[in-house]
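Have a look at the structure below before the remarks.
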Amino acid sequence: MKFTSILTILFILFTFGCDDEKSEVNESNNDNVSLDDGGFDDGNQIDYTICTNCIWLQNDCNGSWVLGYNIDEDISGFQLNINGADIIGAYGGAAEDASFSVSTSNQTILGFSFSGNSITIGSGVLSILDLNGSPDSISNITISNINAVELNISNYGIINCYSSSLSNTGVSQLTIFNNTITNLEIGDEIGIFDLNGIINYNDCSNQRGPILVGFDIWNGEQLNIVSTGSVDLCNINGVQLSGYVKDNPLIIRIYRHETGQHYLAEVAWEAGTGIFGELIQSINNLNLSPLAF
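Numbering-wise, this note's numbering puts 710 at position 267 of the sequence shown, and it's gapless, one number per residue.
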């Protein structure tokens, strides 16, 4: 039996230090899990190369959170805290594939194998979490290899639903969300979209479609969101860079963590009319309509 002493200690500490423990061992297939994005969201397109020897927590935009990893050694066990939210349950991913016992309590998750199994070197989804609340950070990370040696793992942090990977093109649009807005809740994610933006990058293929060009998280105070505009230099032997297209309508969507609900926002403009490329855009209030997927 290859069960390691460090994980035994972790298990004992976890067992006697937690009141409400939940253990699950099931069967699943985790061949680079592809999560259904349900629409325009960038946040749920998992990029396993964003960091090395690291973990992160990513919103799947459908009410759950993915614990991602990219680690260059086999994993015999892990433990970490999710701050800002309580863990309701954990399932799936590489931990379940390796028949790990996965336990959760409050803000802590612990995974290991009684029979000495390990998670193979590489990247993927470590586990899928159901959370109550909006997570703000990961802490107290302990991940051990098959020799019970704690690995030096970096923490990439939280990737929210409306997160954009667009590169800076030098073209931008400022949209001000005033503190007079009453229909937003603290922690709501705000996404600004162009439904017919340029989605190709560094070529002249002129692909058009929905694209997330700006985002931020509502904190109850005035919020200034800068959207990324496209560049088209193909007529002078240059390239196109992805982003919004001038004079296209600006679309705002809201994602609310507590309910897992997406909303389309009808805007009450203080300045501007909601077209990309305007000199000034300022919003007094939003009327939210639920979106179904």
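We treat Cβ as the ideally placed atom computed from N, Cα and C, and that holds for glycine.
Review point. What is the rounded straight-line gap between the Cα of ALA538 and the Cα of ILE514?
Key: Computed Cα separation, rounded: 14 angstroms.
Check your understanding: Distance, Cα to Cα, SER448 vs ALA591?
Key -> Bear in mind that the predicted position of SER448 carries a pLDDT of just 38, short of 50, making it unreliable; the figure below should be weighed with that in mind. One C-alpha to the other measures close to 7 angstroms.
Check your understanding: Can you name, in chain order, every residue of its own chain whose Cβ lies under 7 angstroms from the Cβ of HIS700, other than the five neighbours on each side?
Key -> Shown here for HIS700: same chain residues with a beta carbon closer than 7 angstroms to its own, the five before and five after excluded, namely SER577, GLY630 in chain order.
Practice item. Pair every Cβ in the stretch 668 to 677 with every Cβ in the stretch 651 to 658, then say whether three or more of these pairs are closer than 8 angstroms. Key: Contact between the stretch 668 to 677 and the stretch 651 to 658 is present, with at least three C-beta pairs closer than 8 angstroms.
Point to revise | C-alpha gap between ILE642 and ASP517, whole angstroms | key: Straight-line Cα distance between these residues: approximately 37 angstroms.
Practice item. Note down the Cα distance separating ASN524 from PRO653, rounded to an integer number of angstroms. Key: Those two C-alpha atoms are separated by around 35 angstroms.
Review point. For THR612, which residues from the same chain have a beta carbon less than 7 angstroms from its beta carbon, with the 5 sequence-adjacent residues on both sides left out?
Key: Excluding sequence neighbours, THR612 sits near THR671, GLY672, SER673, VAL674, LEU684, GLY686.
Review point. Could you give the distance in angstroms between the alpha-carbon of GLU713 and the alpha-carbon of HIS705?
Key: Straight-line Cα distance between these residues: approximately 24 angstroms.
Review point. To which residues does DSSP link TRP508 through a beta bridge?
Key: Answer is ASN502, LEU572.
Check your understanding: If you draw a straight line from the alpha carbon of ASN531 to that of ASN678, how long is it in whole angstroms?
Key -> Checking the sequence, you will find Ile at residue 531 rather than Asn. Roughly 54 angstroms between the two C-alpha positions.
Review point. If we count the other Cβ atoms within 10 Å of its Cβ and call it buried at 16 or more, is THR495 buried or exposed?
Key: Flag for THR495 reads exposed.
Point to revise | Opening and closing residue of the beta strand (DSSP E) in which ALA708 lies | key: Looking at the DSSP string, the run of the beta strand (DSSP E) that includes ALA708 is 704 to 714.
Practice item. Would you decide whether ASP646 is buried or exposed? Buried here means 16 or more other CB atoms lie within 10 Å of its CB. Key: In this structure ASP646 is exposed. Its beta-carbon is surrounded by fewer than 16 other beta-carbon atoms within 10 angstroms.
Practice item. Grab me the residues of LYS689's own chain with a C-beta within less than 6 angstroms of its C-beta, minus the 5 sequence neighbours each way, in chain order. Key: Closer than 6 angstroms at the Cβ level, and outside the excluded window around LYS689, lie PHE719, GLY720.
**Study point:** Collapsed DSSP secondary structure at GLY536 in the structure displayed
**Key:** The answer is helix: DSSP assigns GLY536 an H, G or I state.
Practice item. Identify every residue that forms a DSSP beta bridge with ALA495. Key: The question names Ala, but residue 495 is Thr in the sequence shown. Bridge partners of THR495: none, in fact.
Exercise for review: Alpha carbon to alpha carbon, how far is CYS604 from TYR512? Give it in angstroms, no decimals.
Suggested key: The straight-line gap from Cα to Cα measures roughly 18 angstroms.
Check your understanding: Whose C-beta lies closer than 7 angstroms to the C-beta of ASN575 among residues of the same chain, with five residues either side of it excluded?
Key -> Taken in chain order, the residues that qualify are ALA528, ASP529, ILE531.
Review point. Mind pulling the beta strand (DSSP E) runs of 3 or more residues that sit fully within the stretch 582 to 655?
Key: Counting only runs of 3 or more residues that sit fully inside the stretch 582 to 655, the beta strand (DSSP E) segments are 597 to 602, 615 to 620, 632 to 641, in chain order.
Review point. Could you give the C-beta distance for ILE489 and ALA533, rounded to a whole number, given that I count them as a contact under 8 angstroms?
Key: Their Cβ separation, rounded to whole angstroms, is 17 angstroms, which puts ILE489 and ALA533 out of contact at 8 angstroms.
Exercise for review: Taking SER548 as part of the beta strand (DSSP E), name the residues at either end of that continuous run.
Suggested key: Start and end: 544 to 548.
Check your understanding: Smallest Cα separation from SER737: which of GLU709, ILE493, ASN595?
Key -> In the structure as shown, the chain begins at 444 and stops at 736. Residue 737 is therefore absent and cannot be evaluated.
Practice item. State the DSSP-derived secondary structure class of ASN662, mapped to helix, strand or coil. Key: Here DSSP, grouped into helix, strand and coil, assigns ASN662 to coil.
Exercise for review: May I ask which residues mark the beginning and end of the beta strand (DSSP E) holding PRO733?
Suggested key: PRO733 -> beta strand (DSSP E) spans 725 to 734.
Check your understanding: Among ILE694, TYR644, LEU707, which has the Cα closest to the Cα of LEU676?
Key -> LEU676 has its Cα closest to that of TYR644, out of ILE694, TYR644, LEU707.
Point to revise | Which listed residue (THR625, GLU632, PRO692, SER580) has its alpha carbon closest to that of ASN639 | key: Comparing alpha-carbon positions, the option among THR625, GLU632, PRO692, SER580 lying closest to ASN639 turns out to be PRO692.
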